[in-house]
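For the record, in the sequence shown the residue sitting at position 176 is 210 according to our numbering, with numbers rising by one throughout.
The beta-carbon is built from N, C-alpha and C at its ideal position, and this holds for glycine as well.
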Amino acid sequence: LLCDMVTDCESVERLYDRVYAHEAARAERCAAAGVDCIMVVGDIAMEDRLLFRPDLFRRLDVPRLRELIRRARAARPNVLMFYHSDGDISAVMDDLIDVGFDIINPIQPECMNPEEVKARWGDRITLWGTISVRTTLPRGTPASVRAVVRERIERCGRDGGLVIAPANVIMYDTPVENVVAMYDAARSVTMD
């Protein structure tokens, strides 16, 4: 598919038309049924960049995502739209916001600095995640996990728009005590 995006983009567009039509219909049905939030999973990036050129995302995905969101919101105007992609998606963050996404996940701190994301886009998007599943949770101590959570809330959550959560799947090597510390810290931080 990645090769075809460059060598035969018209075929990819035909494929995307079919896939997105199915996904838009599903989003529309979910919204009509009353769901509060619809997640779109992209996984379009590596740790330091997109898997493909941003112009290809704008050509292939942006118009189809816009239509998917339009259909969902036609069925339920206040449905929240949630976009998931691992890696550094900063090259298309404005596009994701412009088409109507409300929440971006997971904001992996190894890939995108949560404070920079908050400073640049935090008035237009909710950050969901930001707690590392590679360093903080598996390798930290309960005290260091609590400190990271407090710092993240203080630096990225002051005006809202932050959902503290693991920045991906919590793996088997993560001490349960660290997971508990993350949730306890998130519940106990108060903003002055």
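ask   = Whose CA, out of Arg-154, Val-113, Asp-51, lies closest to the CA of Cys-71?
value = By one-based count along the sequence shown, residue 71 stands at place 37. Residue Val-113 is the option with its Cα nearest to Cys-71.
key: Counted within 10 angstroms of its Cβ, other Cβ atoms place Leu-84 as buried (16 or more) or exposed   = Mapped onto the sequence shown, residue 84 falls at position 50. Counting Cβ neighbours within 10 Å, Leu-84 comes out buried, since at least 16 surround it.
task = Please report how far the alpha carbon of Ile-159 lies from the alpha carbon of Glu-211, in whole angstroms.
result = Position 125 of the sequence shown, counted from the first residue, corresponds to residue 159. Position 177 of the sequence shown, counted from the first residue, corresponds to residue 211. About 31 Å.
message = Starting from Tyr-117, trace the beta strand (DSSP E) in both directions and tell me its first and last residue.
response = Position 83 of the sequence shown holds residue 117. Where Tyr-117 is concerned, the enclosing beta strand (DSSP E) starts and stops at 114-118.
request  = Could you name each continuous alpha helix (DSSP H) segment of 4 residues or more that falls completely within the stretch 141-179, going from the start of the chain to the end?
outcome  = Qualifying alpha helix (DSSP H) stretches, in chain order: 148-155, 170-173.
Whole-angstrom C-beta distance between Tyr-117 and Gly-76, which should lie under 8 Å = Start at 1 with the first residue of the sequence shown, and residue 76 comes out as number 42. Start at 1 with the first residue of the sequence shown, and residue 117 comes out as number 83. Contact flag correct, Cβ pair sits at about 6 Å.
inquiry  = Since Ala-215 and Arg-180 should fall inside the 8 Å C-beta cutoff, what is the C-beta to C-beta distance between them, to a whole number of angstroms?
reply    = Translated into positions along the sequence shown, residue 215 becomes position 181. Translated into positions along the sequence shown, residue 180 becomes position 146. Correct: roughly 5 Å between the Cβ atoms.
key: Cβ shell of Arg-105 (< 6 Å), same chain only, five flanking positions each side left out   = Working through the sequence shown from its first residue, we reach residue 105 at position 71. Contacts found: Ala-58, Glu-62.
task = Just mark Tyr-206 as buried or exposed, buried being the case when its beta carbon has 16 or more other beta carbons within 10 Å.
result = To locate residue 206, count along the sequence shown from 1; it is residue 172. It counts as exposed.
query = Between Ala-199, Ala-109, Ile-141, Ile-103, which lies nearest to Met-73 when the distance is taken from Cα to Cα?
reply = Along the sequence shown, one-based indexing puts residue 73 at 39. Nearest option by C-alpha distance: Ile-103.
Residues near Phe-86 by beta carbon distance below 7 Å, same chain, minus five either side = Counting from 1 along the sequence shown, the entry for residue 86 is found at position 52. Excluding five sequence positions before and after Phe-86, the CB atoms of its chain that fall closer than 7 Å to its own CB belong to Leu-36, Met-39, given in chain order.
key: Per-residue burial, Arg-52 [other beta carbons within 10 Å of its own, 16 or more giving buried]   = Here residue 52 refers to the residue found at position 18 when the sequence shown is read from its first residue. By the neighbour-count rule (16 or more Cβ atoms within 10 Å), Arg-52 is not buried but exposed.
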